[in-house]
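Contents: one structure, followed by commentary.
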Amino acid sequence: MRLIDGNAIAQQVLAEVKARVALLSPVIPHVAFVRVGDDPASVSYVTKKQKTAAEVGMQASLQLFPETVTKEELFHHLDALNADASVHGILIQAPLPKHLPETEVFNRVSPEKDVDGFGTQSIGRLVQELPGAFAACTPAGVIELLRRSGVETAGKHAVVVGRSLIVGKPAAALLLAKGCDCTVTIAHSRTRDLASIVRQADLVIAAIGKPRFITVDMIKPGAVVIDVGINRVPDATKKTGYRIVGDVDFDAVAPLCEAITPVPGGVGPMTVAMLMKNTLDACVRQRG
Ligand code: GUN
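Counting with the numbering used here, you get residues -19 to 268 for the letters of the sequence shown.
So, in structure tokens, the structure goes:
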């Protein structure tokens, strides 16, 4: 079993981004964050993204809105960010409160600033395999982890567990595309006999958002397992009262795998690194 070190690989990506950012001086890539409400996980993710942006020499700004913000107020702010030439990337932290139509909000971001890759044009370009499409950061991070840790994907059967806009759907599109060349199955919460399908996988992408959902009986020996889950479970021994576990029952599954990502320290740091890369690319394109 080989442990895929997401922290180390994310540091490589960030070092490359930082070197390219330095070459752009005096232009500074700028990512604008939008957060609605005070969901603790969202607060922590956005803080981490802001810190990382500073570390690679980028500008990050943050606009906070209360849970009660209307769609019109949010659109007004997004329109201003779209029109602001000093802003190269825009990220609206998900999830949004229930009264806001998430896809409509994501679609309000100009395609050239859609560094999260959630808009119609970004997804369409991804599926069309057009160069320069912004791929959603978490699935892009998964692919980068596989590449940089030397996992062969061509012709392999990848089973993506989860069908979200943020991970499952774009991950499936990327794995199917030229370069990865996987045979792709998407399983989800309504899939019948999910265990027997996951058991056929050479490559498992676990993105269903349920702690330790993928158990050892679902894994074919020698599979590569990428755990996208970040779940908070109660833990009285921790100061915070919780700890983070993935979607995979790591202790039982790991010994069976060819390679596996840990949680934390697997996909998580890659998401942030790919956001920085997307913002840099957006800046370079907008500046010609
Ligand atoms: N919520 C969970 N993951 C993500 C992400 O990659 N981007 C945004 N905007 N929200 C998220």
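All C-beta atoms, glycine included, are put in the ideal place defined by N, C-alpha and C.
Secondary structure of I188 (DSSP, three-state): coil.
Nearest to A253 by C-alpha distance, out of H137, A(-5), I(-16), is A(-5). Its chain contains V95, F114 as the residues whose beta carbon lies nearer than 6 Å to that of N258, once the 5 sequence neighbours on both sides are disregarded; these appear in chain order. By the beta-carbon neighbour count (other beta carbons within 10 angstroms, threshold 16), L154 is buried. Between the alpha carbons of R128 and V(-7) lies a gap of roughly 10 Å.
In this chain, the alpha helix (DSSP H) harbouring L58 covers 51 to 63. Residue pairing by DSSP places T163 opposite H137 in a beta bridge.
If you look at A151, you'll find it in the alpha helix (DSSP H) that goes 148 to 156.
A232 sits away from T171, with the two beta carbons spaced by 8 Å or more. Taking the C-beta atoms as reference points, I206 is found nearer than 8 Å to V184.
Counting other Cβ atoms within 10 Å of its Cβ, M256 reaches 16 or more and is therefore classed as buried. Judged by DSSP secondary structure, R105 falls within the alpha helix (DSSP H) whose first and last residues are 100 to 107. For D96, the distance from the CB to the nearest heavy atom of the ligand GUN is below 7 Å. Listed in chain order, the non-local C-beta contacts of P201 below 6 Å within the same chain comprise L236, local neighbours out to five positions each way being set aside. Listed in chain order, the non-local C-beta contacts of A60 below 7 Å within the same chain number zero, local neighbours out to five positions each way being set aside. Going by beta carbons, L44 and R15 fall inside the 8 Å limit. Taking the Cβ of C117 as the reference point, at least one heavy atom of the ligand GUN falls within a distance shorter than 7 Å. At least one heavy atom of the ligand GUN sits closer than 7 Å to the Cβ of Q73. Taking C-beta atoms under 8 Å as the contact rule, I210 and V178 fail to qualify, at a distance of about 20 Å. The secondary-structure analysis by DSSP pairs P214 across a beta bridge with Y222. Under the DSSP assignment, L236 falls outside any alpha helix (DSSP H); it carries neither an H nor an E label. I194 sits in a strand when the DSSP states are folded into three classes. Sequence-distant Cβ neighbours of L42 in its own chain, meaning closer than 7 Å and more than five residues away, are F13, R15, V26, Q30.
At a Cβ-Cβ threshold of 8 Å, I146 and T118 count as neighbours.
Under the three-state reduction of DSSP, S41 is assigned to strand.
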